[in-house]
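Asker:
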Amino acid sequence: MPDAVVITLVLLVLGALIALRAPIFVALGFSGMLGLYLLQGLTGLEQIPISLVGQLQDFALVAAPMYILMGEILSVSGLGQDLFKAAHRWLGRMPGSLGASAIGASTVFGAMSGVSISSVAVVGRMSVPEMLERGYKPSFASGSVVASGALAMLIPPSLMFILYSSVTGVSIAALFAGGIVPGLILSALMIAYVVIAAKLRPELAPAPAERFTWAMRVRALVRVIPALVLILLVLGSMYTGLATPTEAAAVGALGAMVVVGVFYRSLTWANLRKALLSTTQVSGAVLAIVGSAYIFTQMLVVARIPERITAFVAGLDVPAYIVMLGVMAIMVLLGCLVDAGSLLLVVTPILVPAMSALGFDPLWLGVLIVVNLEMAVITPPVGLNLYTMKSVVPDLDLSDIFRGIVPYIFIEAALLAVMIAVPGIATWLPSVIA
Amino acid sequence: MSGSGEAGPPAPGGVTRVLGAADGVLVRITWVLRILSGLVIVAMMAATVYDVVMRYAFAAPTEWALILSAAGVLAATFLALPHLAAIHGHIDMDLVYRRLSPHGQKVADVVTGLATLAFAAAMAWLGYRAALTAYVGGLVTSGNFSIPIWTLYATVYIGGVGLLLAVLLSPWRRSDDDQQGEGSLNTREGVS
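See the structure below:
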């Protein structure tokens, strides 16, 4: 059977299985297995255990369960509430202060957890009901949390960057550094939007009545200082060269246990069990996809697909930046239909060689892809953060949640466009740190 | 006339009862494997931190921490796999599925079940063969500290067998077994 027919058939099987609600790791593994069999017969199937072991027995991937564990331990500690309270005490006088505080809390929580739904669940659980109680429009209240929850994907530690590194070999530390500036810019843009919208349309977010003294602000800040020190410990050990990103992740996970146990006094058996269960679920589900995506990728390599796409893209008679814009537009559309992590694992092995052939930096491309995937998790119909918001505040109407996210999609699309025009936004900090 | 009673739902037949009980046992075993997966993650954390401390405090880095932690990723993944399959804890997309009729959803369940069975069987069989080949050949990982390679492939075999059984017995699963663990995140449609 010609390779083109095999690949077409395999892609159809993959799409059909995903549409029929097969677990993504099964859809990727089964279609990859089918392709290997059709391309190489029974010999091709020998690659299945080799791919699974080769891809998952990777020291760089140790960072994934470590950062997930760190985030889950911190999220069961009640730290989210303290972060939100501290942000509100400091930002309390500006219009839309509760929305801005939720974004601020999500930004800091994003620096402790690489998983966006944890951020939405932890910050949304207490901030959205409070905003609704103070008369905020439901769409305005939920939008700020749903969108800023995605910052966890961009601000280190980021699970997406670890996965990108495992596929491309680009340094995790450099990718983490590349996400910091865009993450902070995005956070600032989101806060600016909330403040301006609340100022222009006060009915969206009634002005706050209470005033906070400096003593109250300092007390709230002191409460979150141990967690802030933990962030500095993790990032500092990585960028001073004391530890690799993986080692920093392990130290961070242990540090989270110490912070939650000693300072927050909430490291109970029940909380530890809850955190471990969530960690095994998130890491098991993601790493299963990492392994089976590699089977699928091996099948594509056997059919020489990345090579052919690279040759095709390099031969295109259009400016490289137009190709990049086209790729990003396609990814935005795919992100509306497929889980962000799965999309990253499948497209990266195809995209990176092709875009590198056009002269684009894989580090920059990695940051662009993650900013792009930030839109994927907040875009209907499969944007995961939207449904996480609904599950933590069931009183919210899904249509309000969908409406609330629209301005943020434009903000993220604008940032993506600016980052394509100005690569330094993503590449400057890694170059300084290196 | 109503007296002795209206007939309730028919009592499950012998085979159904046995398969239901077998599935109950399987779900508990896979639960234990998932707990082991969590302990492996904690052990990876401890080993990596120990290595960092030994390197900086005593200038005596270990040779085993890195290798065991990397193998731990593999073990943690495949130990958690069967229980996540049993509780529908893996990532999937129900964008099309939820629009199907009940009959269409049943057909979809059968198709995805067959695909999962085929993939699980391939993992189990090929993992077993690779483990056996490595064991017979006495293959070990390279470096000063080495581990037998058959142990790595054995995790693929365990994950494959667990997944296979979790899917095979799923028609007899009780609804209270088909629950996510307490406090777990809902991974349906992703964890990004």
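If you read the protein sequences in the order shown, they are chains H and F.
Just so we're aligned, residue 0 is where the first sequence starts under numbering that gives the first Met the number 0, counting upward by one.
Just so we're aligned, residue 0 is where the second sequence starts under numbering that gives the first Met the number 0, counting upward by one.
Note that beta-carbon positions come from the ideal geometry of N, C-alpha and C, so glycine has one too.
1. Round the Cβ separation of Ile67(H) and Val345(H) to the nearest angstrom and send it over; I've been treating them as touching at under 8 Å.
2. Just to confirm, are Gly251(H) and Leu286(H) a CB contact at a threshold of 9 Å?
3. Indicate the three-state DSSP secondary structure (helix, strand or coil) for Val392(H) in the structure shown.
4. Can you tell me which of the three DSSP states Pro380(H) falls into?
5. Less than 9 Å between the beta carbons of Met32(H) and Met298(H), yes or no?
6. Over the uninterrupted alpha helix (DSSP H) stretch that includes Val345(H), give me the two end residues.
7. For Met215(H), I'd like the list of residues in its chain whose CB is within less than 6 Å of its CB, leaving aside the five on either flank, ordered along the chain.
8. Would a C-beta distance cut-off of 9 Å place Ala438(H) and Ser126(H) closer than the cut-off?
9. Going by DSSP, what residues sit across from Pro147(F) in a beta bridge?
10. Check whether the Cβ of Arg173(F) lies closer than 9 Å to any Cβ atom in chain H.
11. Between Ala375(H) and the rest of its own chain, which residues show a CB-CB distance below 6 Å, the 5 nearest in sequence each way excluded?
12. In angstroms with no decimal places, state the Cα-to-Cα distance between Asp81(H) and Thr106(H).
13. Decide if Lys105(F) is buried, meaning its Cβ has at least 16 other Cβ atoms within 10 Å, or exposed.
14. Tell me which same chain residues have a C-beta within less than 8 Å of the C-beta of Met327(H), skipping the five on either side of it?
15. Residues in its own chain within less than 8 Å of Ser236(H) by CB, not counting five upstream and five downstream?
16. Beta carbons nearer than 7 Å to chain F: which residues of the stretch 14-28 of chain H have them?
17. Please list the residues of the stretch 319-339 of chain H that have a C-beta atom closer than 9 Å to any C-beta atom in chain F, keeping them in chain order.
18. Is the Cβ of Met418(H) closer than 9 Å to any Cβ of chain F?
19. If the criterion is Cβ atoms closer than 9 Å, does the pair Val351(H) and Thr167(H) meet it?
20. So is Gly71(F) in contact with chain H if we call contact Cβ pairs under 9 Å?
21. In the structure shown, what three-state DSSP assignment does Ala59(F) receive?
22. Across the stretch 67-74 of chain F and the stretch 87-94 of chain F, are there enough close Cβ pairs to call them in contact, namely three or more that are closer than 8 Å?
23. Can you name, in chain order, every residue of its own chain whose Cβ lies under 7 Å from the Cβ of Leu357(H), other than the five neighbours on each side?
24. Pick helix, strand or coil for Gly34(H), following the three-state DSSP scheme.
25. Could you check whether the stretch 159-171 of chain F touches the stretch 116-129 of chain F, counting it as contact only if at least three pairs of C-beta atoms, one from each stretch, sit closer than 8 Å?
26. Just the Cα atoms here: how many angstroms apart are Tyr96(F) and Gly28(H)?
27. Which of the three DSSP states, helix, strand or coil, is assigned to Ser68(F)?
28. Using a beta-carbon distance below 9 Å, is Ala84(F) in contact with chain H?
29. Looking at chain F, which residues of the stretch 391-416 of chain H have a Cβ within less than 8 Å of any of its Cβ atoms?
30. Measure the alpha-carbon distance for Ala59(H) versus Ala56(F) and round it to whole angstroms.
31. Measure the CB-CB distance between Tyr293(H) and Ser50(H) and report whether it falls below 9 Å.
32. Verify the CB distance criterion: does Phe57(F) have a CB-CB separation below 9 Å to chain H?
33. I believe Ala107(F) touches Val166(F) by the beta-carbon criterion, under 8 Å. Please report the beta-carbon distance rounded to the nearest angstrom.
34. For Val421(H) and chain F, any beta-carbon pair shorter than 9 Å?
35. According to DSSP, simplified to helix, strand and coil, what is His87(H)?
36. Thinking C-alpha only, which one of Leu158(H), Glu45(H), Pro64(H), Gly178(H) is nearest Ser36(F)?
Answerer: Once the coordinates are examined:
1. Wrong, their Cβ atoms sit about 21 Å apart, outside the cutoff.
2. The answer is no: Cβ separation not under 9 Å.
3. coil
4. coil
5. Cβ atoms of Met32(H) and Met298(H): closer than 9 Å.
6. 339-356
7. Excluding residues within five positions, the ones whose Cβ falls inside 6 Å are Arg88.
8. The requested residue 438(H) is not part of the displayed model; chain H covers only 0 to 433.
9. Val139(F)
10. no
11. For Ala375(H), where only same-chain residues beyond five positions count, the Cβ hits under 6 Å are Gly334, Ala339.
12. 14 Å
13. exposed
14. Leu367, Asn371, Leu415, Ile419
15. Ala242, Glu246, Ala247, Val250
16. The stretch 14-28 of chain H vs chain F, Cβ under 7 Å: Leu16, Ile17, Ala18, Leu19, Arg20, Ala21, Pro22, Ile23, Phe24, Val25, Gly28.
17. Leu336, Val337, Asp338, Ala339
18. no
19. yes
20. yes
21. Coil at Ala59(F), not helix or strand.
22. No: fewer than three Cβ pairs fall under 8 Å.
23. Val312, Ala313, Ala319, Val322
24. helix
25. yes
26. 20 Å
27. helix
28. yes
29. none
30. 23 Å
31. Yes, they are a contact pair.
32. no
33. In fact, because the Cβ distance is near 14 Å, the residues do not count as touching under 8 Å.
34. No - not a single Cβ of chain F is within 9 Å of the one on Val421(H).
35. helix
36. Relative to the Cα of Ser36(F), the nearest Cα in the group Leu158(H), Glu45(H), Pro64(H), Gly178(H) belongs to Pro64(H).
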